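Before any comments, here is the structure.
2 protein chains.
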Amino acid sequence: MTTTTPQGGATGRVNQKRRTHAAIVAAAVELMATGGEVTMPEVARAALVSEATAYRYFPDLASLLAEAMADTLPGPAEAFAGVADSADPAERVAAAAEYLARHVLARAGAVRAMIAATIVRPGGGPARPGLRFALIDEALRPWSDPTPGGAADDAVADADGDADGGVDPQALAELKRDLAIVMGAEALFSLIDLAGLEPEEAIAGVVRTATTLTRAALPHPPARAGRGRKG
Amino acid sequence: MTTTTPQGGATGRVNQKRRTHAAIVAAAVELMATGGEVTMPEVARAALVSEATAYRYFPDLASLLAEAMADTLPGPAEAFAGVADSADPAERVAAAAEYLARHVLARAGAVRAMIAATIVRPGGGPARPGLRFALIDEALRPWSDPTPGGAADDAVADADGDADGGVDPQALAELKRDLAIVMGAEALFSLIDLAGLEPEEAIAGVVRTATTLTRAALPHPPARAGRGRKG
DNA sequence: GCCATTATGCAAGCGGACTCTTATGATGGT
DNA sequence: ACCATCATAAGAGTCCGCTTGCATAATGGC
Chain U
1 MTTTTPQGGA TGRVNQKRRT HAAIVAAAVE LMATGGEVTM PEVARAALVS EATAYRYFPD
61 LASLLAEAMA DTLPGPAEAF AGVADSADPA ERVAAAAEYL ARHVLARAGA VRAMIAATIV
121 RPGGGPARPG LRFALIDEAL RPWSDPTPGG AADDAVADAD GDADGGVDPQ ALAELKRDLA
181 IVMGAEALFS LIDLAGLEPE EAIAGVVRTA TTLTRAALPH PPARAGRGRK G
Chain V
1001 MTTTTPQGGA TGRVNQKRRT HAAIVAAAVE LMATGGEVTM PEVARAALVS EATAYRYFPD
1061 LASLLAEAMA DTLPGPAEAF AGVADSADPA ERVAAAAEYL ARHVLARAGA VRAMIAATIV
1121 RPGGGPARPG LRFALIDEAL RPWSDPTPGG AADDAVADAD GDADGGVDPQ ALAELKRDLA
1181 IVMGAEALFS LIDLAGLEPE EAIAGVVRTA TTLTRAALPH PPARAGRGRK G
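So the sequence lines, in the order shown, correspond to chains U and V. Here our numbering is used: the first residue of the first sequence is 1, the next is one more, and so on. Here our numbering is used: the first residue of the second sequence is 1001, the next is one more, and so on.
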């Protein structure tokens, strides 16, 4: 996510810099979409730019991939397209988890490279986007904001019965932490690489686990995640 | 976990090969224990062996680290030392999760290198140990084996009330999958690197999430994971 | 103790992630 | 149109992962 331009930010040949920057990101986005591996020399070649120049704009490959990744995520809005008017957090969490998982799997090669690059640099800067956190917050908004102002208010009361907005803040924070573990690329790759699941099974797996965790956080008798809905 | 010796397995100069193999693994174990990064040249130097020789015994760094890692894990027995006579799966899962997490964190550098190496080789062989799976199976044994033959039988009946061994096999399989996501090094590093938690907080986090999932799989009214027990 | 077997060391090499230096050449204000 | 500024290209260099070929030397059966 870190972007460095030559000679600081808005000084010098701003146009050229914006052009170059855009070209590099565009090339990265395109290569990422193939799902294959993405290397810095490749991106540079595709962007008609020297490798050294690419490194002048991004401190490392992970930062470049992070920005390219973030650029292809239109924002939380799309993730909840199907459940926009639903105030059931479990449903919203499931939608977010699946949305993120499919996005990741479609760019598996790049995401794998990103994880590999960032995992060996513990303190080395915020090179990885916190995509999941924004999605989690948005998914749990019905519990965070007591009154979002739309039809959701009714839905909350409908789904929640007595305590509509009254969710224990600590329980909410813990749920967010739980979901941060599950709603990530690493979780997906764990299931695929270690557990030997097929991509679709892995998606179903993380969605199910995320749903289970969300339901478990509810103060009400939890129905377990619906199984066989995708099978 | 893959070990290749020159000229096949038990042929040729067996003693020399065993000595060399042991020296390499021992060096890796020692370097891992420092928690710092572990590279192949380093291990080779520490083992008084050329790098090429190290690669003759292990196809890649990940395999070497995997074997060294597995060698330092005395087996499932130790993990459940404190809860050996407990048949509460949630308690056993918590113990296993914490055990694994501490083991990983004590060798963070090596594990990070291992993840980095394996994440970019999706189909490239089983270079990563399934440590978690054995632990999960062992933790859930009270549910898998209706009658393990010890004092656990009574404890099961005690904790479970009516249906002692009668746990839905599918629910059990799903729980195992859930736990496979949470009880792993990646989950730990996600919390530390992305969520910004301290190591101890991260351990508490995965333990809590694992406990929550296990409790949620119980057919009975689940008490949420005890919070504040670890501070 | 000899000597064929065979593990090992050395060294070169490839590609990727970066870093740094030097020399162009495009940019854009005047 | 000029030309100082500044982004860029090119290339070498470092480190690691990993491979390969060849010469050397230890091993251990005889």
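Note that the Cβ used here is the ideal one computed from N, Cα and C, for glycine as well. All values reported here derive from a predicted model rather than from experimental measurement.
| Query | Result |
| --- | --- |
| For V/Gly1009, does the count of other Cβ atoms within 10 angstroms reach 16, so buried, or fall short, so exposed? | exposed |
| If we count the other Cβ atoms within 10 Å of its Cβ and call it buried at 16 or more, is V/Leu1048 buried or exposed? | exposed |
| Taking Cβ positions only, does U/Val104 come closer than 8 Å to chain V? | no |
| Below 7 Å between beta carbons is the criterion; list the residues of the stretch 43 to 66 of chain U that meet it against any residue of chain V, in chain order. | none |
| Under a three-way DSSP split, which group does V/Asp1193 fall into? | helix |
| Only counting the same chain, and skipping five residues up and downstream in sequence, which positions put a Cβ closer than 7 Å to that of V/Pro1129? | Met1001, Ala1066, Met1069, Ala1070 |
| Just checking: is the beta-carbon of U/Leu31 within a distance shorter than 8 Å of some beta-carbon in chain V? | no |
| Taking all protein chains shown into account, decide if V/Val1167 is buried (16 or more other Cβ within 10 angstroms of its Cβ) or exposed. | buried |
| Please report the distance separating the alpha-carbon of V/Arg1013 from that of V/Ala1110. | 31 Å |
| Give the C-beta separation of U/Thr212 and V/Leu1213 to the nearest angstrom, bearing in mind that I take them to be a contact with Cβ-Cβ under 8 Å. | 6 Å |
| So, helix, strand or coil for V/Gly1161, using DSSP? | Confidence in V/Gly1161 is poor, its pLDDT being 42 and thus under 50, which makes the residue's placement unreliable; the coordinate value appears in the next sentence. If DSSP states are grouped into helix, strand and coil, V/Gly1161 belongs with coil. |
| Do we get a CB-CB distance below 8 Å when we pair V/Ala1028 with the residues of chain U? | no |
| Reducing DSSP to helix, strand and coil, say where V/Phe1133 ends up. | helix |
| Alpha carbon to alpha carbon, what distance is there between V/Ala1095 and V/Leu1140? | 12 Å |
| Identify the contact partners of V/Glu1190 in chain U, using a Cβ-Cβ distance below 7 Å as the criterion. | Per the sequence shown, the amino acid found at residue 1190 of chain V is Ser instead of Glu. Within chain U, the residues near V/Ser1190 are Ala180, Ile181, Gly184, Glu186. |
| In the DSSP assignment, find the unbroken alpha helix (DSSP H) run with V/Pro1041 in it and report its ends. | 1040 to 1046 |
| Determine, for U/Pro122, whether the minimum Cβ-Cβ distance to residues of chain V falls below 8 Å. | yes |
| Got a sec: is the Cβ-Cβ distance from V/Gly1205 to anything in chain U below 8 Å? | yes |
| Here's the rule: buried if 16 or more other CB atoms are within 10 angstroms of the residue's CB, otherwise exposed. What is U/Ala77? | exposed |
| Is it buried or exposed for U/Thr209, if we count other Cβ within 10 angstroms and need 16 for buried? | buried |
| Exposed or buried, which one is V/Asp1178 when buried takes at least 16 other CB atoms within 10 Å? | buried |
| Using a Cβ-Cβ cut-off of 8 Å, state whether V/Ala1095 counts as contacting chain U. | no |
| Determine whether the beta carbon atoms of U/Pro89 and U/Pro142 lie at a separation below 8 Å. | yes |
| Buried or exposed for V/Ser1050, going by 16 or more other Cβ atoms inside 10 Å? | exposed |
| Can you name the residues of chain V whose CB is closer than 7 Å to the CB of U/Glu91? | None at all; the shortest Cβ gap to chain V is about 17 Å. |
| Exposed or buried, which one is U/Ala296 when buried takes at least 16 other CB atoms within 10 Å? | With chain U covering 1 to 231 only, the question about residue 296 of chain U has no answer from this structure. |
| Tell me which same chain residues have a C-beta within less than 7 Å of the C-beta of U/Pro199, skipping the five on either side of it? | Leu105, Ile192 |
| Can you tell me whether U/Gly109 is helix, strand or coil according to DSSP? | helix |
| Can you give the beta carbon distance from U/Glu186 to V/Ser1190, rounded, assuming they're within the 8 Å contact cut? | 6 Å |
| Considering only C-alpha positions, which residue in the set V/Pro1006, V/Met1032, V/Gly1196, V/Pro1041 is nearest to U/Pro122? | V/Gly1196 |
| In this structure, does DSSP put V/Met1032 in helix, strand or coil? | helix |
| Could you tell me the boundaries of the alpha helix (DSSP H) in which V/Ser1063 lies? | 1061 to 1072 |
| Which whole-angstrom value describes the C-beta separation of U/Tyr57 and U/Thr20, a residue pair presumed to lie in contact below a C-beta threshold of 8 Å? | 7 Å |
| Could you tell me the distance, in whole angstroms, from the CA atom of V/Ala1087 to the CA atom of V/Thr1011? | 47 Å |
| Verify the contact flag: U/Phe133, CB atom, against every heavy atom of the ligand SAH, threshold strictly below 7 Å. | Judged by which ligands are present, the structure shown has none, so any question about the ligand SAH falls away. |
| Go through its chain and collect everything with a Cβ distance to U/Leu31's Cβ below 8 Å, but skip five positions before and after it. | Val38, Glu42, Val43, Ala46, Ala110 |
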